[in-house]
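If you read the sequences in order, they're chains A and B. Counting from 92, one number per residue, gives the positions in the first sequence under my numbering. Counting from 4, one number per residue, gives the positions in the second sequence under my numbering.
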Amino acid sequence: MRQPTAVESRGVDEILAVHELRRSFGGVRALTGCSFGVERGSITALIGPNGAGKTTLANVVAGASRPQSGQVVFDGRDVTGRPSHEVALGGLIRTFQISREYPAMTVLENLMVSPQRQAGEKLSTVLFHPRRFRSEERRHLERAVEVLAEFGLYEKRNDYARNLSGGQKRLLELARAVMADPKMLVIDEPMAGINPALIERLADHIIRLRDARGTTFLMVEHNLDVVERMCDKVVVMAVGQTLATGTMAELRGNAAVVSAYLTGGVVDVRAQG
Amino acid sequence: MGIILGYISTLGVYFCIYNIFAFGLNIQFGYTGILDFTVITFMAMGGYMAGVASLGPEQPGSGIYYVLGLIASRRLRSDYLAIVTLAAGSIVLGLCGVIMAICWLVANRIYRSTFGRTMRAIREDLDVAEAYGKHTFRVRMTAMVTGCIFVGIGGVLTIWFITALAPAGWGTSETFVVWAALIVGGCGNNLGAVVGSFLVAVLFNEATRFLPAIPAFPSLVSEIRNMCIGGLVILTLWFRPQGVVGERKARFFEVPLRTESREQVRVPAVVASGS
Ligand SMILES: Nc1ncnc2c1ncn2[C@@H]1O[C@H](COP(=O)(O)OP(=O)(O)OP(=O)(O)O)[C@@H](O)[C@H]1O
Ligand SMILES: [Mg+2]
């Protein structure tokens, strides 16, 4: 494995650093040399017009898609092109833009899948040492119930995940990710299509997780109000590149950012006012 | 009377063997979502290995018959011969039953385990399971191999106890029958596999044997049989897509909810960042 040399330290503790990532799909160039860093323990927003390459970036970072060139360094390790499960075991969990629960499993089961490196995931343990994973199951179960209660899904624990409402699926997605005990969460539009009250709740959950557990967040989000309220840093992407980084206040004065949003089709008057 | 009982015990043996096939396929498809259309390959492999092994004298099926036959011819009057034959039949059935029971227990233990849950998660959404750190390739491989071992065991029993294997007679239709059994009975539930094996492999497969063969169309009966099973599959998918006994909801023992962990209350700060 290569050493993380390409990304020099910028004086802050960066849990994730991407450098000059390029990825194209046939003729479509989704990432055209994207570089930025995410500070450990921060809630960083990734914003940009539709088609800017945000989801592609999340895919590349999480190992779901290989970059044609560039580098991804997570937690001091070069994870460029490593398979998803390996990146996940390293402590980076991502959620999907469209909720993807395990439909025909119950809410509780959805959570119980998440803990990593479970002893009961080995066939030989299952067949010959069942006792070894029973206590582990019990532990995970207690934790899962606790997490469900935190996210207000306790009453739904024995429902099939496919029967949840859109908003509940969003909550489940986050609860399931928390169960995996990640160092960093990359969440792709966690608040798309949910009502303002639930947006508040999700935002509170994210802030609470950061404060209580020190989880780093990289959050793709279009709602600039939410971004302003929650995020420490903002990374703006346009046409596959990083356009600017900084706090929301800094970016508001950045003409390039404003124009990217105006020409990119997403206009949020309040955020620019 | 004796003939009928013998026939029933043969059916019982078939039933057990098809159960084992269906458990194997259930592990692959019902648990993990792997589309295995080569079930027959592993039946044949098991059968072949058993066949090779039974070139020696250690073939249990014929062994039992041999011992009982010996007793019968030496010590018993001919009146008892029928009873001894029956006894042999029921011993064979008992053996098959025991092996099937072991397979049942193993299959169910896997289903209920953490591993089984991971298999189901992979069935539900491979990419998500992968994104949660599951080595999906390895799990699917394990599921495939485990299922094939089950099917292979079924193949071995076929050779030992049915003692008829004509490679030409094992075509796609065998695979089809096992698939049909699982779909009709219900995927993801071994009880479904049992019900399906009974309905499809025993009732349909056997009942149609009583249709008179028409000399002009020697394959007509088997074609009708396949059509009946196909019809049954379509009816199931139409009216009861989850199968006669569908997959059951996972039940966990109820962990009492501690009152302080209601929503909006902080989580225990166990993990410090960067640890
Ligand atoms: N699998 C793919 N095959 C072909 N083109 C793709 C693929 N994935 C993404 N693209 C293209 O790459 C570009 C960036 O897409 P991406 O999904 O990353 O945008 P995004 O920033 O997430 O947009 P949105 O805000 O709408 O979610 C788009 O032009 C898209 O059409
Ligand atoms: Mg997107």
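Virtual Cβ for every residue (Gly too), placed ideally from N, Cα, C.
Ligand 2 heavy atoms versus the CB of Val269 of chain A: any closer than 7 Å? Position 178 of the first sequence, counted from the start, is the residue given in the question as residue 269 of chain A. For ligand 2, not one heavy atom lies less than 7 Å from the Cβ of Val269 of chain A.
Less than 8 Å separating the beta-carbons of Gly15 of chain B and Leu96 of chain B? The residue labelled residue 15 of chain B in the question sits at position 12 within the second sequence. The residue labelled residue 96 of chain B in the question sits at position 93 within the second sequence. Yes.
Inter-residue spacing [alpha-carbon to alpha-carbon] between Ile106 of chain A and Phe127 of chain A: The residue you call residue 106 of chain A lines up with position 15 of the first sequence. The residue you call residue 127 of chain A lines up with position 36 of the first sequence. If you take the alpha carbons of Ile106 of chain A and Phe127 of chain A, they lie about 11 Å apart.
Using a Cβ-Cβ distance under 8 Å, would Arg243 of chain B count as near chain A? Here residue 243 of chain B refers to the residue found at position 240 when the second sequence is read from its first residue. So no, Arg243 of chain B is outside the interface.
Can a CB atom of chain C be found closer than 8 Å to the CB of Gln207 of chain A? Among the protein chains in the structure shown, which are A and B, there is no chain C.
Could you work out which residues of chain A lie near Asp130 of chain B, taking near to mean beta carbons separated by less than 7 Å? Stepping through the second sequence from its first residue, residue 130 of chain B is reached at position 127. By Cβ distance, chain A contributes Ala155.
Would Arg123 of chain B count as contacting chain A if we go by Cβ distances under 8 Å? Start at 1 with the first residue of the second sequence, and residue 123 of chain B comes out as number 120. Chain A, which has a Cβ nearer than 8 Å to the Cβ of Arg123 of chain B, makes this yes.
Using a threshold of 7 Å, is the CB atom of Phe196 of chain B nearer than that to any non-hydrogen atom of ligand 1? Counting from one through the second sequence, the residue named residue 196 of chain B turns up at place 193. Residue identity check: residue 196 of chain B is Ala in the sequence provided, not Phe. Checking the Cβ of Ala196 of chain B against ligand 1 gives no.
Does the region 27-37 of chain B come close enough to the region 176-190 of chain B to have 3 or more Cβ pairs within less than 8 Å? yes
Compute the Euclidean distance between the alpha carbons of Ser133 of chain A and Gly155 of chain B, then round it to the nearest angstrom. Locating residue 133 of chain A in the first sequence gives position 42, counting from the first residue. Locating residue 155 of chain B in the second sequence gives position 152, counting from the first residue. Ser133 of chain A and Gly155 of chain B: Cα-Cα distance of roughly 54 Å.
Buried or exposed for Cys151 of chain B, going by 16 or more other Cβ atoms inside 10 Å? On the second sequence, residue 151 of chain B is found 148 positions in, with the first residue counted as 1. Per the 10 Å Cβ criterion, buried.
Let's see if you can read the secondary structure: which residues bound the alpha helix (DSSP H) around Phe308 of chain A? Stepping through the first sequence from its first residue, residue 308 of chain A is reached at position 217. Premise fails: Phe308 of chain A lies in the beta strand (DSSP E), 307-311, not in any alpha helix (DSSP H).
Since Arg113 of chain A is in the beta strand (DSSP E), which residue starts that stretch and which ends it? For the purposes of this step, residue 113 of chain A is taken as residue 22 along the first sequence, with counting starting at 1. Where Arg113 of chain A is concerned, the enclosing beta strand (DSSP E) stretches over 105-116.
With which residues is Phe179 of chain B paired in a DSSP beta bridge? Reading the second sequence from its first residue, position 176 is the one you call residue 179 of chain B. In the DSSP output, where bridge partners are listed per residue, Phe179 of chain B has none listed.
Give me the Cβ distance between Ala155 of chain A and Cys322 of chain A, rounded to the nearest whole Å; I'm assuming they're in contact under 8 Å. Translated into positions along the first sequence, residue 155 of chain A becomes position 64. Translated into positions along the first sequence, residue 322 of chain A becomes position 231. Actually they are not in contact, since the Cβ atoms of Ala155 of chain A and Cys322 of chain A sit about 24 Å apart, beyond 8 Å.
Does the CB of Phe118 of chain B have a neighbour CB from chain A at under 8 Å? Working through the second sequence from its first residue, we reach residue 118 of chain B at position 115. Yes, Phe118 of chain B counts as interfacial toward chain A.
From A:Ala195, A:Gln188, A:Val330, residue whose alpha carbon lies closest to that of Tyr251 of chain A: Looking up residue 251 of chain A in the first sequence gives position 160. Among A:Ala195, A:Gln188, A:Val330, the Cα nearest to that of Tyr251 of chain A belongs to A:Ala195.
Same chain, Cβ closer than 6 Å to Gly249 of chain B, neighbours up to 5 away in sequence not counted: In the second sequence, residue 249 of chain B corresponds to position 246, counting from 1. Once the five neighbours on either side are set aside, the close Cβ partners of Gly249 of chain B are Gly189.
Helix, strand or coil, according to DSSP, for Val291 of chain B in the structure here? Beyond the ends of chain B as shown, which are 4 and 278, falls residue 291 of chain B; an answer cannot be given.
Would you say the beta carbon of Gly144 of chain A is closer than 7 Å to some non-hydrogen atom of ligand 1? Translated into the one-based positions of the first sequence, residue 144 of chain A becomes position 53. Under cutoff, so the answer is yes.
Counted within 10 angstroms of its Cβ, other Cβ atoms place Ser190 of chain A as buried (16 or more) or exposed: Position 99 of the first sequence, counted from the first residue, corresponds to residue 190 of chain A. So Ser190 of chain A ends up on the buried side.
Identify every residue that forms a DSSP beta bridge with Gln31 of chain B. By 1-based counting over the second sequence, the position of residue 31 of chain B is 28. Partner(s): none; Gln31 of chain B has no beta bridge.
Look at the alpha carbon of Thr149 of chain B and the alpha carbon of Gly27 of chain B, and state the distance between them as a whole number of angstroms. Here the question's residue 149 of chain B lines up with position 146 in the second sequence. Here the question's residue 27 of chain B lines up with position 24 in the second sequence. The alpha-carbon atoms of Thr149 of chain B and Gly27 of chain B are separated by roughly 7 Å.
In chain B, which residues lie with their C-beta within 9 Å of the C-beta of Arg185 of chain A? Reading the first sequence from its first residue, position 94 is the one you call residue 185 of chain A. Neighbours of Arg185 of chain A on chain B, chain order: Ala134.
Can you list, in chain order, the residues of its chain whose CB lies under 6 Å from that of Phe116 of chain A, leaving out five sequence neighbours each side? Taking the first residue of the first sequence as position 1, residue 116 of chain A is located at position 25. The answer is none, since no qualifying residue turns up.
According to the neighbour-count rule (16 or more other Cβ atoms, all chains shown, within 10 Å of its Cβ), is Pro244 of chain B buried or exposed? Position 241 of the second sequence, counted from the start, is the residue given in the question as residue 244 of chain B. The residue is exposed, with fewer than 16 neighbouring Cβ atoms inside 10 Å.
Run the proximity test for Val180 of chain B: is its beta-carbon closer than 7 Å to any non-hydrogen atom belonging to ligand 2? Against the second sequence, residue 180 of chain B aligns to sequence position 177. No.
Roughly how many angstroms lie between the CA atoms of Val236 of chain B and Val159 of chain B, to the nearest whole one? Start at 1 with the first residue of the second sequence, and residue 236 of chain B comes out as number 233. Start at 1 with the first residue of the second sequence, and residue 159 of chain B comes out as number 156. Their Cα atoms are separated by approximately 27 Å.
Using 8 Å as the threshold, is the C-beta distance between Ala235 of chain A and Met203 of chain A below it? For this step, residue 235 of chain A is matched to residue 144 along the first sequence. For this step, residue 203 of chain A is matched to residue 112 along the first sequence. In this structure, Met203 of chain A lies closer than 8 Å to Ala235 of chain A by Cβ.
Should Gln332 of chain A be listed as close to ligand 2, given that the test is whether its C-beta is under 7 Å from any heavy atom? Here residue 332 of chain A corresponds to residue number 241 of the first sequence, with the count starting at 1. Every heavy atom of ligand 2 is 7 Å or more from the Cβ of Gln332 of chain A, so no.
Would Ala266 of chain A and Leu239 of chain A be called neighbours here (beta carbons separated by less than 8 Å)? Within the first sequence, residue 266 of chain A is the residue found at index 175, counting from 1. Within the first sequence, residue 239 of chain A is the residue found at index 148, counting from 1. Yes, the Cβ-Cβ distance between Ala266 of chain A and Leu239 of chain A is below 8 Å.
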